[in-house]
Structure formats: C-alpha cells, structure tokens
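One structure is given below, encoded as structure tokens.
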Amino acid sequence: MRILRRLFTKPEARVALGLNSSFRTVGEAETALTLRGLSADALVAEAGRADLGSLLRAMAAKGNILMRGTTNSFALMPFVVGMYELQIARLSKELTADTASYMREGYGLELLTTGTAQTRIIPIGAAIRPEHRIADYDEFREIIRGAGGKIAVLDCVCRRGADLAGKPCKATERRELCMVFRDFADTVLREGWGRSLTEEAALELADLNQREGLVMRPSNEREPQFLCACCGDCCGLMAVIKAMKRPADFVATNHRATSRPDVCVACGACARICPMEAIVMDAQSERTGKAPRARVLKARCVGCGVCVGACKPGAIALERLPRRYEPPRNTEALLERLAATRPTLWRKARLGVGGLLGIPVRPHR
Ligand code: SF4
Ligand code: SF4
Ligand code: SF4
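Under the working numbering, residues 24 to 388 are what the sequence shown spells out, in order.
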C-alpha cells in the first residue's frame, strides 16, 4: 500500500482501473471506467488535468503505466520488472526500502510461483557452443538484432537503490547497463530516462556486462522488452531465487553447467563468481586420492554460463536441458499465458514452502 501511495495519486489509482495488460486507447479506457461506475471527467478534474489523455500521459511520464506512442494507447505493467525499473528518475531511499521489504515479505515468492515465468536466464556468449543449437530467443545477439533498432539503455534501478542504501554493487561499478527494447525503449527515450543505442553499441554493452560476470536476464518473451544484467546481490528477484534451496526449479532456462574433473585445476574461480552458489569445491579424497575439483549442484544451477566465462582451463561447460522452454511471443502473449496458468492459492503455498524446504517443484508450465 505504501508503495502504491508513493507511485499514484488517488485519482491516478482510480484511472488505472480503466486499464489492463492490453493496450487501450483513451476512449476504451474511458468506457472501461464507466463500466466500473467511475466518471472519467470527475477523475480528470480531481487530478487537475485537461482531459483523460493528458492524465494518462502524465501517469506514463511517471513510469506507472506503459504508453504506446504510435497508437496513443496505454497499458498496465507489473511492478517488477516494469514500474519499479521505470522509477529510475524519481528513485528515493524510501521507495527502495519499501520495495526491498515488499520483496522479502512475499512479493518475491509471489513472482517465482506464477504459472509462467516473467523473466528468463540466457547463457553468456562465452558459454554457447554450436552443439547447443541455441534458439534465437536464448541468444543475446539475436535478441538485440531482433529489436528492429528500438534499443535504449538506462541505469539499473536495483544498483541505484543499493547505492542509496549504502551497499554499492560489488560486481560492477557501472550503473548504466539495463537494455530495453520496443515499447520500453520508446518510453525510456520519450521520457529522457536513458539514451538510444545502436545495435553495435548494444552488442558491445552486452559483451562488457558478460565480461564482468553479470547474468543476462531478458523478459520471458521471444520479442523481449528488456535485457537485465543482474548479479546475485543487488537484484531483488535474483536474491529471492538464490534464497531457494533449488533455484533451478524457479527459473525459465534451457541450460545447466557441468564440470570436467579431469581438466579442473581447482582454482575456485567458478565457485567465487557463480551468482547462485551452485558450485562447491570438493576436497582431495583421502580414500581414493582423487584430486580436488569443482562440482556443480544441479538443483542450484540456473544456466547463466557465468562460470564458463571465468574458467580459464575450460573445465566447465553448459549442457542443454532435455526439456526445452519456449517463451511466449510478446508481452500480450506472456500476459495471456500468465492469466491462463495462474495457480490456485493452495498450489502457490505448496510451491513456496517446497522451494524454501528444498522439495523439488515445477512452478512454470
Ligand atoms: S539489471 Fe537486475 S539488478 Fe538491475 S534493474 Fe534489472 S533486475 Fe534489477
Ligand atoms: S554454476 Fe552458477 S555460474 Fe555456472 S551456469 Fe550455473 S548458476 Fe551460472
Ligand atoms: S574455474 Fe575451472 S578450473 Fe577453476 S575450479 Fe572452476 S572448473 Fe575448476
């Protein structure tokens, strides 16, 4: 509630009731408000705006709703990833603290137990091998090239929040590293929250993010709206995934790491960089005399490939999981699938408890 009050005024919150996850024109939003027994004119007057269109545009300019400029239409978006990431221009210590406690108090678990994942994890370039026959939606270069030139970059709101809380990110000193595409890119550029990137500059940025060991996390769409570059500490959602006993159960991924004991020199670089604490170093066996080596805990591995980039001798690689996870085409399809696969409260509770206790679960269909 505190977060909602920080983001919306009262009339804005009521106007949001006239929207849903599909883009609506001003006229359609007005009709939806009327059907709910709300007067658009009264809400516009209360907000001190000239008309419903300008009120909706003002809400979009605050990052509370998404605006599609080409059709002058508006849609709701999730709090994470969505509204919160677009608060970059008006981020405060208070909003950061409220969001962190909201994540801890249940929203994080709520996000992990939707019937369809809202984000995915894709492998870094160094971890991709031809034999993976990787799909375009799992390949960051194809994601960037497929955006049709609508690419922008903005500061990572989680790391900016961590700065405000006095706990700066340990993985990178850069802040401008979140890429957005399509409607999100239009919004970011229109409101001046970030800057435009050419395809080439976006590929370079993705490369740099990968060299720093950041995890590539796009929205769960074949035509994604964003490509985050997360670490296990600053990103609220990654922290919740990491807190699970079996993070792999809660992530949409098509890959998993596997180590080669005969090549491993037990330097520990992979274990230090893994954002999920998915690699343990086995000590030398006194009984068999086996050399120390890295071992991947399958249930903790989310297939980001960051360890592969860190392993100089090439003793760790990604393998493709037998089950292939194919994302919905775009935002509308994702939201439809989310609605169609919404679990019951009972199932959600079972998934949450299972995740915390380490019982194998499969929340995403
Ligand atoms: S990159 Fe990760 S840490 Fe940054 S805004 Fe995106 S989700 Fe949050
Ligand atoms: S072991 Fe860790 S770093 Fe390697 S792919 Fe799995 S989660 Fe990523
Ligand atoms: S980085 Fe490579 S060589 Fe070093 S411990 Fe990990 S798997 Fe072994």
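All C-beta atoms, glycine included, are put in the ideal place defined by N, C-alpha and C.
Keep in mind the model is a prediction, meaning the values are calculated, not measured.
From the DSSP output, in three-state form, read off residue i for me.
i       : result
Ser-45  : coil
Ser-96  : strand
Glu-199 : strand
Ala-194 : coil
Asp-64  : helix
Ala-73  : coil
Ala-275 : strand
Asp-159 : helix
Ser-115 : coil
Arg-385 : coil
Arg-283 : coil
Ala-36  : helix
Gln-264 : Before going further, note that residue 264 is Ile rather than Gln in the sequence given. Correct three-state label for Ile-264: helix.
Ile-167 : helix
Met-126 : helix
Thr-54  : helix
Since residue i and residue j should fall inside the 8 angstroms C-beta cutoff, what is the C-beta to C-beta distance between them, to a whole number of angstroms?
i       : j       : result
Ala-39  : Ile-88  : 7 angstroms
Lys-321 : Arg-279 : 6 angstroms
Val-49  : Leu-79  : 6 angstroms
Met-299 : Pro-270 : 5 angstroms
Ile-144 : Gly-326 : 6 angstroms
Glu-222 : Arg-152 : Contact flag wrong, Cβ pair sits at about 24 angstroms.
Leu-237 : Thr-195 : 7 angstroms
Ala-149 : Gly-328 : 7 angstroms
Ser-44  : Leu-358 : 4 angstroms
Leu-361 : Thr-142 : The Cβ separation is near 12 angstroms, so there is no contact.
Cys-297 : Cys-254 : That pair is no contact at about 11 angstroms.
Arg-183 : Leu-114 : 6 angstroms
Ala-63  : Glu-51  : Between Glu-51 and Ala-63 the Cβ distance is about 11 angstroms, and since that is not below 8 angstroms, they are no contact.
Relative to the C-alpha of residue i, which candidate in the options has its C-alpha closest?
i       : options                            : result
Lys-335 : Val-67, Leu-260, Arg-283           : Arg-283
Arg-91  : Leu-361, Leu-358, Val-67, Ala-208  : Ala-208
Leu-15  : Lys-193, Asp-186, Leu-220          : For the chain, the structure presents residues 24 to 388; residue 15 sits outside this window and is missing.
Glu-69  : Gly-291, Lys-33, Ile-147, Met-304  : Lys-33
Ala-289 : Cys-254, Leu-79, Ile-339, Arg-245  : Ile-339
Pro-383 : Thr-142, Thr-364, Asp-272, Gly-189 : Asp-272
Ala-225 : Glu-165, Leu-361, Ile-144          : Glu-165
Leu-56  : Leu-357, Ser-45, Gly-41            : Gly-41
Glu-246 : Lys-371, Gly-375, Lys-190, Glu-162 : Glu-162
Leu-380 : Ala-84, Met-267, Tyr-130, Ala-314  : Met-267
Leu-118 : Ser-62, Arg-25, Arg-72, Asp-64     : Arg-25
Arg-197 : Leu-357, Val-180, Met-126, Ala-188 : Val-180
Leu-211 : Ala-83, Arg-72, Arg-343, Ser-45    : A small correction: the amino acid at residue 211 is Val; Leu does not occupy that position in the sequence shown. Of the listed residues, the one whose Cα sits closest to Val-211 is Ala-83.
Cys-293 : Cys-324, Gln-307, Val-274          : Cys-324
Val-274 : Glu-51, Glu-199, Tyr-348           : Tyr-348
Gly-337 : Gly-131, Cys-287, Leu-58, Pro-345  : Cys-287
Ile-174 : Thr-94, Cys-251, Lys-313           : Cys-251
Thr-94  : Arg-385, Phe-102, Gly-76           : Gly-76
Ala-363 : His-387, Arg-373, Leu-344, Glu-342 : His-387
Between residue i and ligand 4, is there a pair consisting of the residue's CB and a ligand heavy atom that are separated by less than 6 angstroms?
i       : result
Val-288 : For the structure depicted, ligand 4 is absent and the ligand set comprises only ligand 1, ligand 2 and ligand 3.
Check: Given 8 angstroms as the limit, is there contact between the segment 254-263 and the segment 134-143, that is, 3 or more CB pairs closer than that?
Finding: yes
Check: Which full runs of the alpha helix (DSSP H) of 4+ residues lie inside the segment 204-261, going along the chain?
Finding: 205-214, 222-234
Note to self: Quick check on the DSSP output: what are the complete beta strand (DSSP E) runs of length 3 or more inside the segment 289-355, in order along the chain?
What the structure shows: 302-305, 316-319, 339-343
Notebook entry, point to check: Does the segment 107-119 come close enough to the segment 237-244 that 3 or more CB-CB pairs lie under 8 angstroms?
Noted result: no
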